[in-house]
Structures are given as structure tokens and as C-alpha cells.
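The structure appears right after this line, and notes come after that.
2 protein chains.
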Amino acid sequence: MLSQTEENYLKHLLHFGMQEGNAKGISSRQLADKLEVKASSVNDMLKKLKEKNLVQFEPYGKLFLTTEGEQKAVQIIRKHRLWETFLVNKLKFNWADVHEIAEQLEHIQSAHLMDKLDEFLDFPTVDPHGDPIPTREGLFKDDQRISLGDVELNTLVKIVGVKEDSPSFLNYLDKLKIQIGAIIELSAKEEFDESYQIKHEEKTLHVSQKFIENLWVIPTS
Amino acid sequence: MLSQTEENYLKHLLHFGMQEGNAKGISSRQLADKLEVKASSVNDMLKKLKEKNLVQFEPYGKLFLTTEGEQKAVQIIRKHRLWETFLVNKLKFNWADVHEIAEQLEHIQSAHLMDKLDEFLDFPTVDPHGDPIPTREGLFKDDQRISLGDVELNTLVKIVGVKEDSPSFLNYLDKLKIQIGAIIELSAKEEFDESYQIKHEEKTLHVSQKFIENLWVIPTS
DNA sequence: ATTAAAAGTTAGACAAATCTAACTTTATTT
DNA sequence: AAATAAAGTTAGATTTGTCTAACTTTTAAT
Chain A
27 MLSQTEENYL KHLLHFGMQE GNAKGISSRQ LADKLEVKAS SVNDMLKKLK EKNLVQFEPY
87 GKLFLTTEGE QKAVQIIRKH RLWETFLVNK LKFNWADVHE IAEQLEHIQS AHLMDKLDEF
147 LDFPTVDPHG DPIPTREGLF KDDQRISLGD VELNTLVKIV GVKEDSPSFL NYLDKLKIQI
207 GAIIELSAKE EFDESYQIKH EEKTLHVSQK FIENLWVIPT S
Chain B
27 MLSQTEENYL KHLLHFGMQE GNAKGISSRQ LADKLEVKAS SVNDMLKKLK EKNLVQFEPY
87 GKLFLTTEGE QKAVQIIRKH RLWETFLVNK LKFNWADVHE IAEQLEHIQS AHLMDKLDEF
147 LDFPTVDPHG DPIPTREGLF KDDQRISLGD VELNTLVKIV GVKEDSPSFL NYLDKLKIQI
207 GAIIELSAKE EFDESYQIKH EEKTLHVSQK FIENLWVIPT S
């Protein structure tokens, strides 16, 4: 059985797209920053995870999750997202407030519990932030989301998720009354300050590049 | 903030009735047995908890929870019982299967979560095993349960809980179709083997002394 | 191509929770 | 009351995950 710390390393590696065979690889430096530990700690842990055949790497080399490491990581993500869904849909938590608690709940060890919870939630496919929930078998439904940052001007899109789930971003969205499911149009870019103009329910808003990059959307026909 | 280990020590101390001023005191030996660690480990931890003003004791002396230690312990019990209630009432777990998972869930740190869960469960006062759930403020409703072992023969009683919650006992009860809420009568004692005869829905059963001692009941008028 | 900066590694130290083994104190027998 | 057993304590070791500080390798800049 893995410790919570080991699980967190695996989860972050998956989050950074470190699956086997993936060209882009994250540096252990970035991992250290993300986990808020020193590089030496990361190095120690990576050796341990390599020993357990969950991570693959050579000194000074690239870093990958093994298939086994990826499977473990996916199950942690699954637990995290199911718990977030529970907190929002059933306990009526605000979507900005669930992340921290889910970080704890994702380490509860009981596959049976997650199956029961999945059923109780009626087998959700996405969490409250629009992120896909992998199946029991570790499969993600294929994903047609694109970033609003990659959409051409004057396209109607539906918001299906957020890339970042920090409270500062989510509370900002709440303030703007922009929810998942909203139909918006990216209507103009202001050269002056790199800001964007979006239309939402008759209103026009001005938001930053960072803002639009962090919205997942799908084009509407 | 307390570690899970520290929380477990406090919980067990409360479970053994180690509140301040309580005459009967548990030995650190028994605590070690219960926690399945060595006596020296208990000793180390007790020193640490004393340092934090959660436990009170002198070398070779009696052992008590301080008021602060008791409060912490009660909150852990509250979390444990609310989670058990959730697992049984909402996720439809068997009452014999929830203890282990609740042992993990009781360490999740979020008072807000427990308030939300309490509300979601409609403010239950007892858990699936009939044990009282303390309030947010740490108070137990007063408790009129007595052990079936202390009831006189030929008394009608209602089963309101189980003293022990081991799967072996709970599954046995399931097999006998005896549930919480059942009305039974302790009808005779067999001198031959110290067994007892109980009547339940027209049927007569023979059970051990240990069995009846582990049922909480209240007499029916 | 050197040099400087950044990234990665190693060795040695620390805190938490445990252990073993030796010891002391208290309780129980005879 | 002395001997024995049980309970409790202490010291020193171990494991996990972290750290600092020194070092090596790789990458980037001039």
C-alpha cells in the first residue's frame, strides 16, 4: 500500500502529463515547486517510486510514470473527483471550497466505498469543475474540450469546465455569474492591454488572457 | 493540529472512559493492547500528549484526559459516527462493514464538512449501531440504554444498539434477523450452559451470556 | 567554446512513531 | 517480608519523509 505522500507524487506526475511515452516531460524541479518541497526530497521520493516500479527514470534523465504508476494515479484522480462531486451535488458545497477537502478524501482506502459513492452520485462523468471522472477501470471518456484561449473570435461556445480550480478564479466566475453550461461568445481582443471581450447573456465583459485560457469550452453548432 | 496517531490515542482513551475525575482508569498496558503497539510506544505518546495538555499523568500514576483532550476525542467520535451513518443510510453499506472505513474518515479535517454532512443526514442522534452521536458542541444526549445482561427475566425490551460492533457479532444478528428496534423478551436462563432463551417475533432463540451482554436495550412499558 | 546558471544528486541530519532490550517501580503471591 | 510477576519507564535503534549544504551534470548565454 502506498503512503499519502507517495500517492500525491503520483497524482501530480499524472497531472503534469507524465504518462509513459509522452514526449513532453516535467522536470523534477517543477514537481518540487508544485509539491512545495525541496528538490532533494523529490529526488529521494522518485528513487523510492522507481524501486516500486511506479516511476521510470535514470539519473539526470527524463521522468515517466510506468503503466502501473499511471493506473494508481488515475484511481486517485477518480477518488478526488467523485468526492468533489459528492461535496457539491449532495452536501451543497460551493465549488470553490471543495478542493482542499477532496485532497484529504482522495486518500481513503476502499475501492468498495468508491463504487458505492459512484452509484449514489448516479455515475457522474464530470466533476463540478468540468473535469472528466475516469471509470472504475481507469478509462477517461474522450474529451472534446478546448481552451477558450484557442478559439477564434466571434465563435459561440459552451463553457464545460475550468482548467484551474483555485478559489480566486472560481469565486471570480461566481461574481460574474458565469457557470458551467453558459453559452458565450469571444467577441474581440483589445490590443491595448491584451484583454478580451466576451458576450454572455446580452452583457459584454472584459477579461484577461489568463481568464480565457482557463476556461474549457466546446464550440456550439 | 493533531496527527492521526495522536487522535487515535485520544479516541481510545475516551472510549475507555478516561475522562477527568473518573474513578476507574485504564492502564497504559491495556491501551497498548488495544492499539496493538508496545507499552514503550504508548509511554512515549502519553508524554507527548501530556506536553500538549491533552492527557494528565505522573510517572507510574493514573491516566486521564484533560478537558481539552476529551473535547478533541468527542469530536473524533462524532465524525466517526456521522460517517458510519452516512455509509449505512445513504450508501447502503451493511452495518458490519462500515467500521474500518469510518476509522479512516474520522481523521478528515474539516469542521464545515461535518456540519454539512450532519445536515444532509438530517441530524441523526444515533449511529447505525445505536451509539449516540454527540452534538457539534460535544454534548451527548442522555442515555437510557441498559445492557440486556442486566435485565430481569420476563421483561419486554426494545433493542436500541450493540455494545460491540465486530462483524462477527453483527453478521450473527443479521442471520438471526434481529435488528435495532426489535422487541424481544428475555424469557429464561438455562443453568446447564449459562445460555439464555429469548423470544422474538413468535420464535424462541438460545443465545450466550456474551450475546445478551452486548445488546443495548430499553424496557418497554 | 567558455562560463554561468539551472537542474539534479548525494551525504548527513532531523522529527515522528515505532521498536527492542534493559531497567525501575508497583502489585501480587506465598 | 521476601520473592515473583506485572506494569511502566528509559535509552538507543529504525523507518519515512523531509531538510541543508555540497557537489555534479546539463543547459543557456555570451
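Read top to bottom, the protein sequences are chains A and B. The first sequence begins at 27 in our numbering and counts up by one. The second sequence begins at 27 in our numbering and counts up by one. Each residue gets a CB set at the ideal place from its N, CA and C atoms; glycine is no exception. Predicted, not measured: the structure shown is a model, and the values here were computed from it.
Could you have a look at residue i and say whether DSSP puts it in helix, strand or coil?
i                 : result
Tyr35 of chain B  : helix
Val68 of chain A  : helix
Gly175 of chain B : helix
Tyr86 of chain B  : coil
Ala49 of chain A  : Residue placement at Ala49 of chain A is poorly supported in this model, since its pLDDT is 47, which falls under 50; the coordinates still yield a value, given next. Here Ala49 of chain A sits in coil by DSSP.
Leu28 of chain B  : coil
Val124 of chain A : coil
Ile209 of chain A : strand
Thr161 of chain A : coil
Val63 of chain A  : coil
Leu117 of chain B : coil
Glu227 of chain A : coil
Gln170 of chain B : coil
Gln135 of chain B : coil
Lys98 of chain B  : helix
Phe42 of chain B  : coil
Lys73 of chain B  : helix
Ser194 of chain A : helix
Lys203 of chain B : coil
Leu108 of chain A : helix
Ser54 of chain B  : helix
Leu147 of chain A : coil
Under 7 angstroms Cβ to Cβ from residue i, same chain only, skipping five residues before and after it: list those, please.
i                 : result
Leu28 of chain B  : Lys98
Asp191 of chain B : His125 and His155
Gln30 of chain B  : His133
Lys225 of chain A : Ile210, Glu211 and Ser213
Ala49 of chain B  : For Ala49 of chain B, the predicted structure reports a pLDDT of 48, less than 50, and the residue's modelled location is therefore unreliable. A value from the coordinates is still provided. Contacts found: none.
Pro14 of chain B  : With chain B covering only 27 through 247, there is no way to say anything about residue 14 of chain B.
Asn197 of chain B : Ala122
Phe119 of chain B : Leu113
Phe195 of chain B : Val188 and Asn240
On the criterion of 16 or more Cβ atoms from any shown chain inside 10 Å, does residue i qualify as buried, or is it exposed?
i                 : result
Ala79 of chain B  : In the sequence as presented, Ala is not what sits at residue 79 of chain B; that position holds Asn. Its Cβ having fewer than 16 others within 10 Å, Asn79 of chain B is exposed.
Tyr35 of chain A  : buried
Lys64 of chain A  : exposed
Leu199 of chain A : buried
Ile210 of chain B : buried
Arg104 of chain A : buried
Leu241 of chain A : buried
Asp153 of chain A : buried
Gly207 of chain B : exposed
Pro160 of chain B : buried
Gly95 of chain B  : buried
His106 of chain B : buried
Glu33 of chain B  : buried
Glu227 of chain A : exposed
Leu89 of chain A  : buried
Phe218 of chain A : exposed
Measure the Cβ-Cβ separation of residue i and residue j and say whether it is below 8 angstroms.
i                 : j                 : result
Met140 of chain A : Leu113 of chain A : no
Asn180 of chain B : Ser234 of chain B : no
Phe83 of chain B  : Lys74 of chain B  : no
Gln223 of chain B : Gln130 of chain A : no
Thr92 of chain B  : Val100 of chain B : no
Thr157 of chain A : Gly187 of chain A : The sequence shown places Asp at residue 157 of chain A, not Thr. Yes, the Cβ-Cβ distance between Asp157 of chain A and Gly187 of chain A is below 8 angstroms.
Ile102 of chain A : Lys142 of chain A : no
Glu110 of chain B : Ala122 of chain B : no
Leu202 of chain A : Thr246 of chain A : no
Ser54 of chain B  : Leu72 of chain B  : yes
Leu117 of chain A : Phe146 of chain B : yes
If you drop the 5 nearest sequence neighbours on each side, which residues of the same chain put their C-beta closer than 6 angstroms to that of residue i?
i                 : result
Ser173 of chain A : Glu239
His232 of chain B : Ser221 and Gln223
Val68 of chain B  : Ser54, Leu57 and Ala58
Using the DSSP secondary-structure output, state which residues sit across from residue i in a beta bridge.
i                 : result
Tyr222 of chain A : A:Lys215 and A:Val233
Gly187 of chain A : A:Trp242
Leu182 of chain A : A:Glu211
Leu91 of chain A  : A:Val81
Val152 of chain A : A:Pro158
Enumerate in chain order the residues of its own chain whose CB-to-CB distance from residue i is below 8 angstroms, with the five nearest sequence positions on each side excluded.
i                 : result
Gln56 of chain B  : Phe42
Lys189 of chain A : Ser173, Glu239, Asn240, Leu241 and Trp242
Ile244 of chain B : Gln170, Arg171, Ile172, Val183, Lys184 and Val186
Lys215 of chain B : Leu179, Ser221, Tyr222 and Gln223
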